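Input: a single structure, listed below in structure tokens.
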Amino acid sequence: PGRELMISDAGEILLRGETLFQGYLNRTATQASALVLPVNADGWFASRDRGLIDAQGRLQVLGRLDHLFISGGENIQPEEIEAALLSLHGVSQAIVVPIDDPEFGQRPLAFVEASSFEPQSWEARLREQLPGYKIPDHFLPWPAEQIGLKPSRSDLRRRGMQAFPSHGSPGEL
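Shown next, in the form of structure tokens:
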């Protein structure tokens, strides 16, 4: 109650209302001058989440805009692949990150925590749920050493690039 919701043309969830985020506490003058206002001129707060309104009028959050990557001209939202992995028997955690690929620009790589490590089985099951371009090229075990509840996507991406350096950078031959 008291809030409005809209999906932008880019698929971003926008919110407006009296009880929204108003700014940051304890910012220095330098930080404040570089701070982007939390709402636009019309009062809409850009959440940086991608979403859609389904046929029943319910909001479906698809993932973070800053996680989206492009592979061979196709948009890939890692959270969609993660949800599919989490639906598989024995999988308890999954994070998907892009790694550079000379042919497609970027390709998905999945870090998975599961009762048993079965990448071939996961790939086959994912093919029943997702288009082929969204199937991770590689699966790696969930990192044993981590700080906090989840490892950061940027740290996992670095690990993926170290594990598969032959992927190279886009445009490399």
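25 is the number of the first residue of the sequence shown in my numbering; add one for each residue after it. Don't be surprised by glycine CBs; every beta carbon is placed ideally from N, CA and C. Computed from a prediction, not measured in an experiment: that's the story for all the values here.
Asked, Found
"Buried/exposed call for I77, threshold 16 Cβ in 10 Å", "exposed"
"Sequence-distant residues of its chain with Cβ nearer than 6 Å to P122 (five each side left out)", "F93 and Q130"
"4 or more residues per run - each alpha helix (DSSP H) lying fully within the segment 61-128", "102-110"
"Own chain partners of R72 with C-beta closer than 8 Å, once the 5 adjacent residues on each side are dropped", "E36, R88, L89 and D90"
"Where Q130 falls: helix, strand or coil (DSSP)", "strand"
"Cutoff 6 Å; reference S116; Cβ partners in own chain excluding five residues on either side", "E137"
"K174, buried or exposed, once every other Cβ within 10 Å from all chains shown has been counted against 16", "exposed"
"CA-to-CA distance, R40 to W68, given in whole angstroms", "5 Å"
"Endpoints, alpha helix (DSSP H) assigned at L150", "P143 to R151"
"Limits of the unbroken beta strand (DSSP E) element including L44", "Segment: none, L44 is in no beta strand (DSSP E) and carries neither H nor E."
"Other residues of its chain near E147: CB distance less than 7 Å, five sequence neighbours each side excluded", "I159"
"Burial state of D124 (16 or more Cβ within 10 Å)", "buried"
"Opening and closing residue of the alpha helix (DSSP H) in which L154 lies", "Segment: none, L154 is in no alpha helix (DSSP H) and carries neither H nor E."
"Opening and closing residue of the alpha helix (DSSP H) in which L180 lies", "R177 to A187"
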